[in-house]
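Asker:
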Amino acid sequence: MYRYHVARPHEYLAITSLGINDMKLCKDAYIWPLFQKCIRIYVFPTICTFRVMAKSADDVTFIMTTSFEMGPRVDDKIALLLYAKLVYPCEKISLHNHAHKRVYDVIKVDIRAIASLMTIEEICKDFEAFKEKILHKIELQLIQFGLVVLKVVDVKKRVLEKIELEALRREMKEVCKRRVRGHVPGSLCYNC
1 MYRYHVARPH EYLAITSLGI NDMKLCKDAY IWPLFQKCIR IYVFPTICTF
51 RVMAKSADDV TFIMTTSFEM GPRVDDKIAL LLYAKLVYPC EKISLHNHAH
101 KRVYDVIKVD IRAIASLMTI EEICKDFEAF KEKILHKIEL QLIQFGLVVL
151 KVVDVKKRVL EKIELEALRR EMKEVCKRRV RGHVPGSLCY NC
């Protein structure tokens with residue numbers, strides 16, 4: 001009546017139902033087929049790519065593409081249990097399904113929150129500090145899912161052409177205003 005299940009090296013068995021209060025994680029177990037449910041949780045790290053459109057403090061829109069290699073903390077049983085609860089409802093368990101969407105939503109909110117506090121000049125001038133702020137905030141949020149960022153694979157910012165044109169237009173307006181007041185020579189004024 002029992003079935004013996006064994007997990008592969010990069011897997012854990014997540015067992016629920018009869019005789020288990022919450023969820024049990026193990027590498028091998030006897031399962032009662034009619035009374036217990038057992039699925040495999042893959043703990044191999046995956047690379048997740050996120051593309052987020054955000055606005056800076058001065059209402060300039062930009063697109064940020066990030067790739068993180070993330071996975072569950074297999075050395076911490078509590079974190080592994082949190083990760084198992086995140087991905088348990090899915091049939092094919094990995095970070096590429098509904099769990100990926102939940103993690104994406106958390107990361108998207110964090111990137112937008114940090115970007116809204118900085119101007120586009122601050123972001124472009126000190127992009128490394130911007131990346132560090134995002135990484136720190138994301139790591140704090142991923143703890144609730146039992147995940148950890150193992151490596152930042154790629155972070156790219158692509159400021160839209162519209163942003164550069166807006167900055168140039170703002171500069172031109174400022175020069176024109178100064179020209180009208182008489183603070184700037186006529187040679188510096190663009191199409192006033």
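Residue numbers (the UniProt record's numbering): 1 to 192. From the three backbone atoms N, C-alpha and C, an ideal C-beta is built for every residue, glycine too.
Taking the beta strand (DSSP E) that residue 36 belongs to, which residues open and close that run?
Answerer: Your numbering for residue 36 matches position 36 in the sequence shown. First-last of the beta strand (DSSP E) with residue 36: 36-42.
Asker: How far does the beta strand (DSSP E) with residue 55 in it reach, from first residue to last?
Answerer: Reading the sequence shown from its first residue, position 55 is the one you call residue 55. Segment 46-55, the beta strand (DSSP E) holding residue 55.
Asker: What does residue 26 pair with, by DSSP beta-bridge criteria?
Answerer: Along the sequence shown, read from residue 1 onward, the residue named residue 26 stands at position 26. DSSP output for residue 26 lists 13 as bridge partner(s).
Asker: Give a single yes or no on whether residue 66 has its beta carbon closer than 7 Å to a heavy atom of the ligand NAD.
Answerer: Ligands in the displayed structure: none, and consequently the ligand NAD is not present.
Asker: Name the DSSP beta bridge partners of residue 147, please?
Answerer: Here residue 147 refers to the residue found at position 147 when the sequence shown is read from its first residue. Its beta-bridge partners are 72.
Asker: Using 10 angstroms around the beta-carbon of residue 13, count the other beta-carbons present and answer buried if the total reaches 16, otherwise exposed.
Answerer: Looking up residue 13 in the sequence shown gives position 13. Answer is buried; the Cβ neighbour count reaches 16.
Asker: Cα-Cα, which of 99, 53, 7, 73 is closest to residue 149?
Answerer: Locating residue 149 in the sequence shown gives position 149, counting from the first residue. Cα-wise, what sits closest to residue 149 is 73.
Asker: Give the single residue among 180, 134, 62 whose Cα lies nearest to the Cα of residue 120.
Answerer: Residue mapping note: residue 120 aligns to position 120 of the sequence shown, counting from 1. Looking at the Cα atoms, 62 is the closest of the given residues.
Asker: Taking three-plus beta-carbon pairs below 8 Å as touching, is the region 100-113 in contact with the region 172-184?
Answerer: no
Asker: If you draw a straight line from the alpha carbon of residue 16 to that of residue 22, how long is it in whole angstroms?
Answerer: Taking the first residue of the sequence shown as 1, we reach residue 16 at position 16. Taking the first residue of the sequence shown as 1, we reach residue 22 at position 22. Their Cα atoms are separated by approximately 7 Å.
Asker: Would you decide whether residue 160 is buried or exposed? Buried here means 16 or more other CB atoms lie within 10 Å of its CB.
Answerer: Position 160 of the sequence shown, counting from 1, holds the residue named residue 160. Any answer about residue 160 is weak, because its pLDDT of 49 lies below 50 and its placement is not dependable; what the coordinates show is given next. Exposed is the call here.
Asker: Using the Cα positions of residue 83 and residue 178, report the straight-line distance between them to the nearest angstrom.
Answerer: Numbered from its first residue, the sequence shown carries residue 83 at position 83. Numbered from its first residue, the sequence shown carries residue 178 at position 178. Each residue's alpha carbon lies about 59 Å from the other.
Asker: With a threshold of 16 other CB atoms inside 10 Å of the CB of residue 35, please say whether the residue is buried or exposed.
Answerer: The sequence position of residue 35 within the sequence shown is 35, counting from 1. Exposed: under 16 other Cβ atoms inside 10 Å.
Asker: Taking DSSP's pairing of strands, which residues face residue 194 in a bridge?
Answerer: As shown, the chain starts at 1 and ends at 192. That puts residue 194 outside it, with no answer to give.
Asker: Leaving out five residues before and five after residue 52 in sequence, what residues of the same chain have Cβ atoms less than 6 Å from its Cβ?
Answerer: Within the sequence shown, the letter at position 52 stands for residue 52. The residues are 64, 108, 111.
Asker: Suppose the cutoff is 7 Å on Cβ atoms and the five residues either side in sequence are ignored; what does the same chain contact list for residue 40 look like?
Answerer: The sequence position of residue 40 within the sequence shown is 40, counting from 1. Same-chain partners within the cutoff: 7, 11, 13, 93.
Asker: By Cβ distance, which residues of its chain are closer than 7 Å to residue 189, with the 5 residues on each side in sequence left out?
Answerer: For this step, residue 189 is matched to residue 189 along the sequence shown. Residue confidence for residue 189 is low, a pLDDT of 47 falling below 50, so the modelled location carries little weight and cannot support an answer.
Asker: Answer with buried or exposed for residue 45, where buried requires no fewer than 16 other C-beta atoms within 10 angstroms of its C-beta.
Answerer: Along the sequence shown, one-based indexing puts residue 45 at 45. The Cβ neighbour count for residue 45, taken over all protein chains shown within 10 Å, is at least 16; the residue is labelled buried.
Asker: Excluding the 5 residues preceding and the 5 following residue 57 in the sequence, name in chain order all residues of the same chain whose CB lies nearer than 7 Å to its CB.
Answerer: Taking the first residue of the sequence shown as position 1, residue 57 is located at position 57. Closer than 7 Å at Cβ, skipping near neighbours: 116, 117, 118, 119.
Asker: Closest by CA to residue 170, which one among 48, 59, 105, 42?
Answerer: Within the sequence shown, numbered from 1, the residue matching residue 170 stands at position 170. Checking every option, the nearest Cα to that of residue 170 belongs to 59.
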